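Notes for the one structure printed next.
Protein chains in written order, with the numbering used here: chain A, -15 to 256; chain B, 9 to 360; chain C, 1378 to 1566; chain D, 271 to 990.
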């Protein structure tokens, strides 16, 4: 659940940028500093992206929000719908939480986060109700349940409440994308195994033009019901996590680095 | 002279797990033969298919896990799983049913949990339940006993039906399953359930030819075969007596209560004992040591619980035969039961 | 009217829960920080300083304050696991700079030993020993109380004549651990 | 109480949980009488043959001992003496492999048998009523009797009278397969056994005496019934044959229906149990003044041509027994030799392992009869939780769960599952279809738990010492500050008032100092003129010696460091062939060596001066040191004396290690011929010679380095 990115404030960087002096030398130095800061910032964003999409993926690693993850991924369309909704809520809530982070008392931050998230979820729900009623219906209860999705409140607590708006937004985007990707991947697996199709019912989400998106991957005589039922989702999820760990181990095995075995020791003495 | 160093005891009674497995496989023989006699070649073909699949799957997983293949492949546990699954399948189910079921049982239920000795669920039953849940149509392709069939089910006919869905002469599975009167038939349990839900009494419904002269044509003899095999295992002390005895007693008590309250809607104990997979479950599946309770008291509790669950599922549940579900539920509760039925150690007060 | 009722009800609920929370915060108040004591109990008490802190207690304090849990080399994986359990964090492998070697031999418990022939009685090791396991006086030969030595090897470095070395505790039938593989099997004739 | 006896007289017993019926194989040996053996050539007598502690050795190498003469003695009640099993000469006292599953060595006395078998003087006691109970117990203790059933608990402790003993149980239930030593003893020596029981009866005065004996020993039962027919108090209880009914707890439960509460001894429940062989030994000791020097050993197994029971002297190496029973040695085939029975015995690792007080059987199975003892590697497969192990466990444990926890090293869970109640009977491993060596897992786990416990204790002690030290250092710091303050104040005061009194005092002190100096000089001159190898090596000399040693040690250490540095630099220079690289390093070493040599020289000079001027002043200080030296020379006595005193343990241990250090230094010095003279004879060498050696060594070093530097590339010559 915890995030390994150390909270860093770029506000003071910006401040230092404003305090430019006129001397050529200093401006040169400033430019250098700027470039360095930019590079650092870039690296930081890159790290955020890696964390969200792979290393700290909310679905695969943090195992957050499993309830909707397993419940609605029977088809790609449903998965996409919920993934987008979650993504939207995550970005918006992260931005808001980050923006008001200096004014939120520590003791009541959780209720406040929940209120913010609930507000955005309601917005998204209303939007979906208005523009893609079909998917709104097929997602059912899981749409309002986004409020209780731990991934969202987890990011608000672990990252957004400690970092500036821009980064929080990016973090929300990446985490949301990571979550949505897993949803879609699971949806693909389950839909192919269960029905042999892909994007079945995409028109519910994307409009009538999307009817043509539906692909018949393979012709099944009978549905493989297990894949569509929740147990199948659990099993598929287990395999996805195993695959992710296997890839990680493989990468780790290739980068075995040897650190110097230096022990910094302290003399256990008190008279010094 | 050189010396062997070993830890005591230096002697052993020379029993081995593979031998135990082989003994259990051997004990299924009467039941399997009865099944062949009454229902034809279908189950034997499925057993063969399942065993081949089991060996292949075990080989693949064991080599992936870098385990001693020769040692574990032939320990008989995988074959036993395949055998039990093959016995349970409907005789005319398509070939891929047994392949998918066995692969699921071996790879996911057994090996992914760590292989022999580590699986919390009985692989055969888990595979069966998976099939039942996933492929309800194929898994109800039960065939009435040969004597009631209009079409002669020879070996070749059965083989082609399993692989293509049609007999050599071109009859479809549905046609094969029809009786002489042209009515599609189901198992006695299924028939009874349907009839009772339609308002027939037990007496009325057992007039259906699938019930035969006694409780259920063919099935009673298959169950008797498994009972025989089970008694053989008991005599050999290969299985603990507590589980099957308490299981059968529990069914007896439940059905007796049901029968005495509403004889019209509840069949007799003998019907419960000798239809479906009761005896197979009692002596071959519930007694699987890996997934059952280990203490004697625990075994009694597990058996009783399984009996109760089977009765409840058969009487009130959505499936006609609840053996597989009941056993999986018991597997789940076995560790908890073990926890609370630990024996008192010598020299300790109770509960110390 | 309805609105008013709703506000009243919600307000009432809020008041009740607030009171409950307030009571709980008083009733279940945790005095002090017992976690340090618990951590200290888990550490092996070799007082070796390999973690970068002067003694086990300071390291326990540091862990409680958020220091990495994987710095105790004498405790090894076992201690790390216990600390992780206590702190509710992930188990980490032993800090790489602390890994001494993979062989079982290098991880066997050792005690310091003074080569008395070479000892000049400088008392430097006595000052270094965190548990007072060395006895001796200035210009007198020193010796180690084997039973008290924690094997921290802090006394090795200060010795000006290199007369202290770490030796493995010899195996006897009293501390033998049923490791049948190590028994030498003799081939006679 | 009555009901117990009623039940027993009806022949009804309680049944304990579990148990197995392994093939008995007792007829291999039970049909032949106990054989008397010829004397072996050499006996190896371990000092410790029982639970408890080693005694102090009474004999020395080369001493001739008589049969029955005690070899060790002690005052500790947990120590049991050992005796010479026959007459002969002590040829060695050294470490040797003993009868222990670890195959580790322990101190043993080697006795070369002279073949005469001469007894020491014995006081045969025809009438026991002349002896007090205390005397009898003393006799038992002096005869070195320890429980002969297997555990080896000192018998005199168990025989000391305690109030309210309900049951004295005599264990004749020899339940392990193959073993028939007690069976044969009961057949042949039933009268003596019953006499021994009567002695125990007198000592303990129990309410009932029960002899538990399995129903597979009909001859022994008949013999005992015959021997006890006059004694109403002794009841012979024929119990069903089942392994492990001969276990103490199991037999108590079978006979009395009582369970010994966990963690308690049977004595707390008013029950005392003795083995039949122990009863026999008690009778021998008390009536015939014969200490425990021999016992019946079953030498059996199908690998032997003549399996039989023998009277073996304690200390007989097993290869002698195997020879006597005609072991078929097959070339290049590993043969398990098991001391004890097949269920609980341990395999021995050497043919020189001696028979001890607890060895009741030597089992040499053939591959056909016990294939599992010949398996190359463990046939272990995964546990399938069949529960057979818990069905046979006599302690009603859950072996399979214990096994999982033992593999996972989950010690709290193991303790929760009562691992400590496991009697290691091996029934679980015997029936396990997965061939899991369960007992071995438990033993390892038990050892780990024990060690963990000890480590915890040690850690706790270290913590306490650490805290104490912290406190002490802080206190000292405060005290020092206080002292400094006071001293400063005093100095100030003294400076301020320079009274005549003060100056007077000062001059008096100065005069005294001068006098002392003069005296010192007077003493010093003749002393230093003398050659040091004069016989009266006084304390001053030792002191000087010490000083020079210090110097030598420093010089040696420095030299070592140099060597190391040089060694570490060598590869560097040899790898890189560029001359630029070599020059600076060579110069650096040169400089270092120069500096080191200079320091060594300076120190040596200083030492010389100091020793010349101030030895008497440091006389007192050095005295203790001299004592240490003396102690080193007479270490044997010190070892034996200091061992009991915990305060001096460190010095004791250091002395023990002394021999080793000598070796090490000599090894070091061999590398460096210059120092060898200085180091190898630390006590006798002239200090000047030593200092000279140190200086010479340093110089040699320097020269070597210089030549190296000059040669620049030829670093490989530097072997110094």
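The beta-carbon is built from N, C-alpha and C at its ideal position, and this holds for glycine as well.
Since the structure is predicted, the reported quantities are computational estimates derived from the model, not experimental observations.
- What is the C-beta distance between residue 297/B and residue 698/D, in whole angstroms, given that I count them as a contact (C-beta under 8 Å)? Contact doesn't hold; Cβ gap of about 15 Å is too wide.
- Task: In the DSSP assignment, find the beta strand (DSSP E) that holds residue 544/D and state where it starts and stops.
- Result: 541 to 545
- Item | residue 593/D versus residue 311/D - alpha carbon distance | 13 Å
- Under 8 Å between C-beta atoms, does residue 705/D make it to chain B? yes
- Query: DSSP state of residue 151/B, grouped into three classes?
  - Reply: coil
- Item | Within chain D, the residues that residue 24/B reaches when beta carbons sit closer than 9 Å | 649, 651, 703, 704, 705
- Run through DSSP, which three-state label would residue 164/B get? For residue 164/B, the three-state secondary structure derived from DSSP is helix.
- Provide the residue span of the alpha helix (DSSP H) that contains residue 1379/C, from first to last. 1379 to 1404
- Query: By a C-beta neighbour count over all protein chains shown, 10 Å radius and 16 as the cutoff for buried, is residue 125/A buried or exposed?
  - Reply: exposed
- Within chain B, the residues that residue 595/D reaches when beta carbons sit closer than 9 Å: Near residue 595/D there are no residues of chain B at all, since even the closest Cβ is about 14 Å away, more than 9 Å.
- Query: From the beta carbon of residue 616/D, is the nearest beta carbon of chain B less than 8 Å away?
  - Reply: For residue 616/D, the answer is yes, since a Cβ of chain B falls inside 8 Å of its Cβ.
- residue 1515/C, buried or exposed, once every other Cβ within 10 Å from all chains shown has been counted against 16: With fewer than 16 other Cβ atoms within 10 Å, it is exposed.
- Query: In whole angstroms, what is the alpha-carbon distance linking residue 396/D and residue 402/D?
  - Reply: 14 Å
- Item | Check whether residue 548/D and residue 338/D have beta carbons under 8 Å apart | no
- Item | Contacting positions in the segment 144 to 177 of chain A - beta carbon closer than 7 Å to chain B | Those residues of the segment 144 to 177 of chain A that come within reach of chain B (Cβ to Cβ, closer than 7 Å) do not exist; the list is empty.
- Task: Assign residue 263/B to one of three DSSP states: helix, strand, or coil.
- Result: helix
- Could you check if residue 630/D is buried or exposed, using at least 16 other CB atoms within 10 Å of its CB as the buried criterion? buried
- Going by Cα to Cα distance, which pick from 505/D, 434/D, 695/D, 705/D is closest to residue 279/D? The shortest Cα separation from residue 279/D among 505/D, 434/D, 695/D, 705/D belongs to 505/D.
- Straight-line gap, residue -14/A to residue 142/A (C-alpha atoms, nearest Å): Low per-residue confidence applies at residue -14/A: pLDDT is 42, beneath 50, and the placement is therefore not dependable, though the value from the model is reported in the following sentence. Their backbone Cα atoms lie some 6 Å apart in a straight line.
- When the cut-off is 8 Å and only beta carbons count, does residue 224/A lie next to chain B? no
- Would residue 181/A count as contacting chain B if we go by Cβ distances under 8 Å? no
- Report buried or exposed for residue 700/D, applying the criterion of at least 16 other Cβ atoms within 10 angstroms of its Cβ. buried
- Message: For the segment 134 to 151 of chain B, list every residue whose C-beta sits within 8 Å of some C-beta in chain A, in sequence order.
- Response: 138, 141, 142, 143, 144, 145, 146
- Message: Does the CB of residue 204/B have a neighbour CB from chain A at under 8 Å?
- Response: no
- Message: Measuring only the C-alpha atoms, how far is residue 22/B from residue 703/D?
- Response: 7 Å
- Spell out whether any CB of chain D is found under 8 Å from the CB atom of residue 254/B. Judged by the 8 Å Cβ criterion, residue 254/B is not in contact with chain D.
- Task: For residue 587/D, write down the residues that DSSP places opposite it in a beta bridge.
- Result: 624/D
- For the beta strand (DSSP E) containing residue 360/D, list its first residue and its last residue. 358 to 367
- Query: Nearest to residue 538/D by CA position, among 554/D, 603/D, 519/D, 744/D, is which residue?
  - Reply: Taking only the C-alpha atoms, the option nearest residue 538/D is 519/D.
- Message: My output table needs one value for residue 353/D: the three-state DSSP class, helix, strand or coil.
- Response: strand
- Message: Residues of chain B with CB closer than 9 Å to the CB of residue 530/D, please, in chain order.
- Response: By Cβ distance, chain B contributes 354, 355.
- Could you tell me which chain A residues have their CB closer than 7 Å to the CB of residue 116/B, listed as they occur along the chain? Neighbours of residue 116/B on chain A, chain order: 219.
- Task: Given a cut-off of 8 Å, decide if residue 132/B and residue 82/B are closer than it, judged by their beta-carbon atoms.
- Result: Their beta carbons are not under 8 Å apart, which means residue 82/B does not touch residue 132/B by this criterion.
- Message: I want to verify the contact list: residues of chain D whose CB lies under 7 Å from the CB of residue 241/B, in sequence order.
- Response: What residue 241/B touches in chain D: nothing, since even the nearest Cβ is about 12 Å away.
- Task: Could you tell me whether the Cβ of residue 1429/C comes closer than 8 Å to any Cβ of chain D?
- Result: The beta-carbon of residue 1429/C is placed no less than 8 Å from the nearest beta-carbon of chain D.
- Message: Less than 6 Å between C-beta atoms, sequence neighbours within five positions excluded: which residues of the same chain meet that for residue 891/D?
- Response: For residue 891/D, the predicted structure reports a pLDDT of 43, less than 50, and the residue's modelled location is therefore unreliable. The matter cannot be settled from this model.
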